[in-house]
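Each remark here refers to the structure printed beneath this line.
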DNA sequence: GAGCGCTATACATACGTATTCAAGACGCTA
DNA sequence: TAGCGTCTTGAATACGTATGTATAGCGCTC
């Protein structure tokens, strides 16, 4: 039954050549005559031969595999950030197009992920996705650099030039979202963010928010700022706390769609209508357009982001150097911010 | 500079033993003395040694890697079924717990996926997820069986006993959803499904729907049935077509949440309120509870499903035999179906 | 016609591990 | 003390590929 899988020797025997010739023929070496190549290809086709990934990876010193690390402390039953999820399909496709496989994994901040993947030669490089507190994993990033591991990170390039990063133009996104609200006549715009120095993206969005306000002659006030992790529940709580603190706001800019959706729920629960109180989010996850009212948000193109991430990583692997990329964002206006 | 990565020979030298002993010590062979094992482990730790996956995979004849195939004709920019996405995290985690890595891939129906993964020894087995028309890929499934490839499929076990499957109790789900609507006093319940023999899950849900109706003394009518792929847009169109055909319905049971959400939008657009016209979905994707009103739906537990999928596949790989599993479902009542 | 360059192929080997087989050390029994 | 079993280790080897080096064939020049 189930016979042994064919090796390059089997192909060689059928094609009447040596094993090395088979290898060369299949990998497109120019030193193989057309006639020979044809015979080899035919034999390979006939036996359904595929190069053994393990043997090949052992001989060359790479695997043509990338590892995708969701780099966050993921509680047992929590949801993955939907924006990252929307990156997944495009990343897989891009990898395939570039001849790579994609390994996927979640990693606790506490684990030894930084040595596992490259050291065991499972992957040639790593894509890091994480919305956790950056300061917590920065030391591991440094160790990665130290060991010469290739990696690329989705995040913010402004957070200390460590490794290659691909990011959205967060400052501009914050600026456009806020400007849009100002144009709608809003003046008291709450900012729902995430606190601390560990979230550079949020800080950049906050800077854009401030710039827009100042351009309109308004000085940003701290009482309009409240923190919420990217989850429906925290967004809801953030608005509840604003209301109970008696803060008088007429619009909300939340730095994540999930929080924005939670915010809308809290508003509606409090008897406030949207867009009477206008809401703008950030990300443009699928649920944003399904929400009611559909959510105005800063759109990050997941296809573009995914491709930039993969391309940057592959470039780092293959040519040793990679450049940071900042991707443009675009405001998508829906009913949550305009009457 | 980046020095050569350590091999088991390096560890052997430090620990003062031979390479085979290192291999045995690390893989937990009982024939290594405690003292020796300690020395080996210490040396490995010191050099940050990790077993080379390629060499190991070549020597043994498996890779301890599973491949996840989103098995569908995925148009360039379409979204992945959110339910599958919610399976992802739990699957990855389960794989890690069982000592496997997970490769992820999308495959066109037309591609040679069925030979690629196992033949090139990238993976020891395959998880197949797909909501495409089953009849289209059935021949490939047969080829997979023929070649002795290990795989498990999310779907319906009733569709022809080919390979191992893990599925929800679709018939029961359809029954409970419909019974719930009947208890709310609904009598004219539209069924939004997906057509043809290629979707056994949908057929099972339809059977549950019929059983519930008949139990209430109602004979199902074809005019209440309309087809829609699992997408917001098609769900919306389905309701529009019901309305424009003048069908008088007072509730909707849609076999996917995304279609159900689209249906709610169409209702609201037509000036009909939900839950005045009650809506029930299937899946319980994250967006279901975020919709407005929050969607009543048949909940499939993604953690349980993911674990069943992985466990079944690993069992098939390691012991050669695997059993189909049917997972229970549970109705989650939210505001879209009750006043 | 000897020497040269070029093409196409073969030979030999290395990648790093896991396993089979053999053997050494040791304690125990008769 | 010879013999035997147990426990632990080492030597040898195979997994399947890719590549550096060598070689054979051939057409060409001077």
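Chains as they are written, first to last, in the numbering used here: chain A, 10 to 348; chain B, 10 to 348. For glycine and all other residues, C-beta sits at the position ideal for the given N, C-alpha and C.
Check: For a test of the three-state rule: what should DSSP assign to residue 281 (chain A), helix, strand or coil?; Outcome: coil
Check: Given 8 Å as the limit, is there contact between the region 146-157 of chain B and the region 134-151 of chain A, that is, 3 or more CB pairs closer than that?; Outcome: no
Check: Using a Cβ cut-off of 7 Å, pull out every chain A residue sitting near residue 113 (chain B), in sequence order please.; Outcome: 101, 111, 113
Check: Run down chain A in chain order and give the residues with a C-beta less than 7 Å from the C-beta of residue 341 (chain B).; Outcome: In chain order: nothing, as chain A lies at least about 15 Å away.
Check: Would you decide whether residue 241 (chain B) is buried or exposed? Buried here means 16 or more other CB atoms lie within 10 Å of its CB.; Outcome: buried
Check: Specify, as a first and last residue, the run of the beta strand (DSSP E) that residue 115 (chain A) falls within.; Outcome: 110-116
Check: Please classify residue 57 (chain A): is it buried, with 16 or more other beta-carbons within 10 angstroms of its beta-carbon, or exposed?; Outcome: exposed
Check: Does the region 333-344 of chain A come close enough to the region 11-27 of chain B to have 3 or more Cβ pairs within less than 8 Å?; Outcome: no
Check: If you run the structure through DSSP and keep just helix, strand and coil, what is residue 328 (chain B)?; Outcome: helix
Check: Return yes when the Cβ of residue 292 (chain B) is within less than 7 Å of the Cβ of residue 92 (chain B), no when it is not.; Outcome: yes
Check: List, in order along the chain, the chain A residues whose C-beta lies closer than 7 Å to that of residue 72 (chain B)?; Outcome: 63
Check: Is there contact here, the region 228-244 of chain A with the region 184-195 of chain A, by at least three beta-carbon pairs under 8 Å?; Outcome: no
Check: What alpha helix (DSSP H) runs, 4 residues minimum, are completely inside the region 287-315 of chain B?; Outcome: 295-299
Check: Bridge partners of residue 76 (chain B), per DSSP?; Outcome: B:112, B:135
Check: Quick one: what's got a C-beta closer than 6 Å to residue 15 (chain A)'s C-beta in the same chain, skipping five residues either side?; Outcome: 56, 58
Check: Can you give the Cα-Cα distance for residue 101 (chain A) and residue 289 (chain A), rounded to whole angstroms?; Outcome: 30 Å
Check: Is it a yes or a no for the region 68-75 of chain B touching the region 105-113 of chain B, going by three-plus beta-carbon pairs under 8 Å?; Outcome: yes
Check: Roughly how many angstroms lie between the CA atoms of residue 335 (chain A) and residue 175 (chain A), to the nearest whole one?; Outcome: 6 Å
Check: Would you call the CB atoms of residue 297 (chain A) and residue 266 (chain A) closer than 7 Å?; Outcome: yes
Check: Is the Cβ-Cβ distance between residue 104 (chain B) and residue 319 (chain B) less than 7 Å?; Outcome: yes
Check: State buried or exposed for residue 37 (chain A), treating a residue as buried only when at least 16 other CB atoms are found within 10 Å of its CB.; Outcome: exposed
Check: Mind the definition here: the region 155-166 of chain B touches the region 132-142 of chain B only if three or more C-beta pairs lie below 8 Å; say whether that holds.; Outcome: yes
Check: Secondary structure at residue 261 (chain B), three-state DSSP: helix, strand or coil?; Outcome: strand
Check: Quick one: which unbroken alpha helix (DSSP H) runs of 4-plus residues sit fully inside the region 177-204 of chain B? Chain order, please.; Outcome: 179-192
Check: Taking Cβ-Cβ distances below 9 Å as the criterion, which residues of the region 20-47 of chain A are in contact with chain B?; Outcome: none
Check: Considering Cα atoms alone, identify which of A:250, A:271, A:281, A:312 is closest to residue 299 (chain B).; Outcome: A:271
Check: Compute the Euclidean distance between the alpha carbons of residue 219 (chain B) and residue 208 (chain B), then round it to the nearest angstrom.; Outcome: 17 Å
Check: Would a check of beta-carbon distances place residue 89 (chain B) closer than 7 Å to chain A?; Outcome: yes
Check: To which residues does DSSP link residue 174 (chain A) through a beta bridge?; Outcome: A:162
Check: Can you pull the chain B neighbours of residue 67 (chain A), defined as C-beta to C-beta under 8 Å?; Outcome: 61, 63, 64, 67
Check: Going by other Cβ atoms of all chains shown within 10 Å of its Cβ, with 16 needed for buried, is residue 98 (chain B) buried or exposed?; Outcome: buried
Check: In terms of alpha-carbon separation, which member of B:237, B:172, B:233, B:35 lies closest to residue 199 (chain B)?; Outcome: B:233
Check: In the DSSP output, which residue or residues are listed as bridge partners for residue 6 (chain B)?; Outcome: Residue coverage of chain B in this structure runs from 10 to 348, which leaves residue 6 (chain B) outside it and unanswerable.
Check: By how many angstroms is the C-alpha of residue 275 (chain A) removed from the C-alpha of residue 276 (chain B)?; Outcome: 24 Å
Check: Note the first and the last residue of the continuous alpha helix (DSSP H) segment covering residue 33 (chain B).; Outcome: 28-35
Check: For residue 329 (chain A), is the classification buried or exposed, using 16 other Cβ atoms within 10 angstroms of its Cβ as the cut-off for buried?; Outcome: exposed
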